[in-house]
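Single-structure report; data block below.
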Amino acid sequence: MFDVVSSRVSFPGLDSETLEYWRKQDVFRRSIDERPDAPLFMMYEGPPTANGSPGIHHVLARIFKDVISRYQTMKGCRVIRKGGWDTHGLPVELAIEQELGLTSKRDIEEYGIAEFNQRCRESVFRYVKDWEVMTERIGYWVDMDDPYVTLENDYIETGWWILKELWDRGLLYQDRRGTPHCPRCVSSLSSHEVALGYRENTPDPSVFVKFEAIAPLPDSAALTAADSTPTYFLAWTTTPWTLPGNTALAVSPDAEYSVVQTAGARLILATALLSVLQEEYTVAGTLPGSDLAGLTYRPLYDAVAYGSAIQQFVPGDNGQTTLEDADAYSPHVVAAAFVSMDDGTGIVHIAPAFGDEDLGLGRESGLAFVQPVDLQGVITGGYPFAGKFVKDADPEICADLTERGLLYHQGVYRHTYPFCWRCDTPLLYYAKTSWYIRTTARKDRLVDINSRINWYPEHIREGRFGEWLRNNQDWAISRERYWGTPIPIWQCDACGRANCIGSVAELSELSGHDVNDLDLHRPYVDDITWPCAAAASPGSVKCPGTLRRIPEVMDAWFDSGAMPFAQWHYPFENSEIDRDGRLPADYICEAVDQTRGWFYSLHALSTLLKDDVAYRNVICLGLILDGRGRKMSKRLGNVVDPMTVLDTHGADALRWYLFTASHPGEPRRFSDRLVQQTLRQVLLTLWNVYSFFINYANIDEFEPSQIPAGWRPEAELDRWILSELNRLAQQVDAHLDNYNPTDAGRRIQEFIDVLSNWYVRRSRRRFWKSENDADKLGAYATLYTCLATVARLMAPLAPFVSEQIYRNLELPYRPDAPDSVHLASFPTPDESLIDQTLMDATQLAMRVASMGRAARSKAGIKVRQPLASVVVRTRTPEESQYLEWVRPQILEELNIKSLEAVAPDSGLYAGAQQAAGDDADAVVAVDGYSAALEAGYMVAIDTRLSPDLADEGLARELSHRIQNLRKGARFDITDRIVTYYQGPDDVQRVMDAHRDYIMQETLSDALLPQAPADDASAETQRIEGMDVTLAVCRVTP
RNA sequence: GGGCCUGUAGCUCAGGCGGUUAGAGCGCAGUCCUGAUAAGACUGAGGUCGUUGGUUCGAGUCCAUCCAGGCCCA
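If you use the numbering used here, the first sequence closes out at 1075, no skipped numbers anywhere.
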């Protein structure tokens, strides 16, 4: 006996029962431990930060990780998936700053770094419980008992080891770069933070400034002035406050520039942008931008005179440039590819102390570097506007230039500009020193190795990710912050010698302190110092300085990118991971916002360290949007709490919906309504079939052991559905192997639909009939096989319901059956059972049946009323052949006595077409037929009713009414009854003529034409215009 | 401003290499079924396949352009 299954099912309730079973049987752990020799399949968990409660988008990523892992497990792999927590980083710090009411770095330092970091440490585990509950609840199997945690000393130590490796290979360096900087917070912002604060239509001053050219100009007709009229380069900027930092002007080498004569001055600007001129002018001549390069001009503000320090970029060895002090500088024109002709004048004001492009150009061209602004955004030096905040200095600078005749034109320019997302201060681009990983040195490898990664969807490889790699910039890893992996570089405060530390042991040895038990975070690690002299070689002059750690911590992306190594504390432990299959990952999966995040940090570190992929396959998920297509965010308050959905519809419904609603890479709208629809359409339909099967199998005492060894289906319907099943198994296997749960799920869905709405519907009577013959056994064997196989096929996607079905259908009946579907093997298709022709024929039967019902519907003849004949016109000779095979199915489905296949040119078809007129697909009445036309097919039913047919219809109607009474009386479906009836002659006649049929259909031992016994429930109904009294009475055995 | 993706019915989505009349589910309206029944089946209405051009005997499909939306980057 199978366990009784109710068609009234609560999936959330079943979920908890299943979870309890998995816990008790320890299924997850055993799926790994009990197969030590199985091939390894590595899944890397991208670590979340548990300082907030998990949302629906986290569910999305986790189930996509899960489905592949479960599939690979069923395919016989040992799937290692270690959980992890990301614990460092600016977001964590900001949350604590807000809680504590701190608004600046000075506040934090006054509060105390030790206490501040302690708060950070505590906060990142605040929601661990919620995460664990959600993770278990959705059926995501991952090792949460032994996770990697980025704040642990072992994890940090691997990070140090990686940095030391890079250091030893010359891939770690310090450099100055234009960085978005908030002058109020006195801190750089990460690009992610900058992205939070862009504002459209920000008004800024738009100023056209005249830089006076200094003779000698090149020997060109255009440039040789006939008189002493001064010549100016006309440049455009929206940040007048950067003008004191100007050390060069950039032009496009390929563009054409014009020298124009205006009243009182000659101006040089790009020919394409002459329209910016505000007055009458004549063009004196043109020349290419490359001819302007090298020309010098008078600085607007001479840095020497105003007391700003001057530095100069000097090329060093190994291609790096350094900044060295200088006494003077000579501003001049340089050519640069980035100069555009879209706006401005084609001449770009360059201040290497600010913009990143400016700085890069400064480095390339060996420009001077003048920094007249401090980190608070205040102008320094002896300028007339010194002491002012930069934005306040703008009008004063403009006024000053106007007075000196150097301001050509002034206006307002509206553009998108970044603001600090915390304090709304406009960000300044400011050249600051940071530490970098020289990823550009391995750019070609980054690109090559990426081509070996299987991206799903594929376009990410060459698109978003490939694009990013081809434009690779060195990775800025230092943050002037507190809560993060400390950068293990100790630098001498006297001689500047820097030392990168690669392990705790090395630090102990060099510092002379045992730091094994030290918390490696700030501020404790900052206390570790040692004299520089200690490392000096014997006999050399001893440096009096002290080695101190540089103050920066690492970008948290470095932490997560280090996880392939750090999760195993490599190489200090598990030094064999690069040989035993734990490196690299077979599979990772995160949302598309990780292309610049985790996908990149993994790829970069793996390329640099191992010259290999970090992951072989990656699913890149689209974002999950709310019901209106907006991104979910706490700010908008449109975040969906997954637990509510889970408690309402169950985990499988949510999983199934997320798998099948759209392909993984597409953004998707989340809708509770659609989850419910999935539940009803897929899971409930399957459950109904399952419950139907159990119901009858138990009545007939069917058990799987009754299926003979080597059994093969005989009935056409059985051969058909098993053909469909094996085709399904092929396709689902192929889809999952190809990291495509979406199409796998959609195929299963289609199968469940035909299983329920064609196979079961067509087969019902085979299960009802009383004799236990071979045909009935065939039906049981077939439906059993379908359900058991589908349960396994869908186990990776819907682990809960499949486990329920497996445990009831398979587990007790196979001695070698593992105690969980997730330990069982994935179904292997039997190709010999696939019969494409039969599937095509059945599809035709479905179509003809559907059209026949349409024809009945139009003629107003219910299916219960038998009809004499149906005429079918198919499109091809093959289909006429198919029709012969499926004739019995069509006749029964349509309740018609005979089927006639007609030639394509039959007169009836022509008549029907004529009656349909322009409407190609229609149902028309023609020659006593009701004919449905569709796509070249015709199904025409003979609507004429003979008296015999009418009687038969009435017999069916009567048995139908009796069935209703049985049900109303709550009889069991196997109870036998006595039926009483009273009515007109027609009823009497039909009851006599069709006595056997009615008795058999209604399980009646007798049909009595009299008033019922006392205890029977009698009802008088109107049937086809007649009053009929019917009653049923259960026969006590 | 640049890169990638998307645009098909009211909603969510299918529509290999171009090829008969563009489909499904939900929703809506109606009908049927009633031994899967707190299910199920059928019918109907609903589409300028984002726009405009082009290639082709033929374009939802290929190319270009523009428009709108999303994400990422400036």
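Idealized CB from N, CA, C, for every residue including glycine.
As the structure is a prediction and not an experimental result, all values here were calculated from the model.
- Beyond the five residues adjoining it in sequence on each side, P278 comes within less than 7 Å, by CB distance, of P243, V245, D432, I435 and C436 in the same chain, given in chain order.
- Around S944, the same chain offers R911 as residues with beta carbons nearer than 7 Å, after the five sequence neighbours per side are excluded.
- DSSP, read as helix, strand or coil, puts N655 in strand.
- The region 729-746 makes no contact with the region 692-704: fewer than 3 CB pairs, one atom from each, lie closer than 8 Å.
- For the region 1000-1064, the continuous alpha helix (DSSP H) assignments of 4+ residues that do not extend past its boundaries occur at 1023-1031 and 1033-1040, in sequence order.
- Looking only at R757, Y1019 and F838, the smallest Cα-Cα distance to L871 is reached by R757.
- Considered as a whole, the region 184-256 harbours 210-220 and 236-250 as its complete beta strand (DSSP E) runs of no fewer than 3 residues, in chain order.
- Annotated three-state conformation of A532 is coil, per DSSP.
- Pairing I662 with C627 gives a Cβ-Cβ distance that is not under 8 Å.
- Excluding sequence positions up to five before and after Q316, its CB lies within less than 7 Å of the CB of H447, all in the same chain and listed in chain order.
- Between R620 and F603, the alpha-carbon positions lie close to 10 Å from each other.
- Secondary structure note for V961: its beta strand (DSSP E) is the uninterrupted segment A960 to V964.
- In the three-state scheme derived from DSSP, where H, G and I count as helix and E and B as strand, W506 is classed as helix.
- Selection D868, D1010 and H860 evaluated against Q63 yields H860 as nearest (Cα-Cα).
- If you compare the alpha carbons of S729, H701, V171 and Q350 with that of R784, the shortest gap goes to H701.
- DSSP links T912 through a beta bridge to no other residue.
- For H370, the uninterrupted beta strand (DSSP E) segment begins and ends at H370 to A373.
- Contact between Y367 and Y421 fails: their C-beta atoms lie close to 17 Å from each other, not under 8 Å.
- Taking Y319 as the centre and dropping the five residues before and after it, the same chain places the C-beta of V298, Q299, T300, L305 and L312 closer than 8 Å to its C-beta, in chain order.
- With distances taken between CA atoms, D438 lies nearest to V247 out of G127, V247 and E938.
- Between the alpha carbons of Q156 and D181 lies a gap of roughly 26 Å.
- Comparing alpha-carbon positions, the option among L78, R480, L399 and D192 lying closest to G216 turns out to be L399.
- Beta-bridge partners of Y975 (DSSP): E972.
- Rounded to whole angstroms, the gap between the alpha carbons of S346 and P410 is 6 Å.
- Pairing Y344 with W521, the inter-Cα distance amounts to about 40 Å.
- Between L201 and C538, the C-beta spacing is below 8 Å.
- For the pair W123 and G583, the Cα-to-Cα distance works out to about 39 Å.
- Cβ-Cβ distances below 6 Å link H95 to I662 in the same chain, with the five nearest sequence neighbours on each side left out; the list follows chain order.
- With respect to D631, H126 sits apart: the two C-beta atoms are not nearer than 8 Å.
- In this structure, Y186 places its C-beta atom within 8 Å of the C-beta atom of Y193.
- Around the beta carbon of L643, a 10 Å sphere encloses 16 or more other beta carbons of the protein chains shown; the residue is thus reported as buried.
- The criterion of a C-beta distance shorter than 8 Å is satisfied by T463 and C220.
- Per the C-alpha coordinates, the member of K935, G974 and E148 positioned closest to A954 is G974.
- Distance between K143 and C458, taken at the CA atoms: about 15 Å.
- Considering only Q212, L140, W806 and I759, the residue with the shortest C-alpha distance to W796 is I759.
- Y734: member of the alpha helix (DSSP H) spanning T723 to I737, first to last residue.
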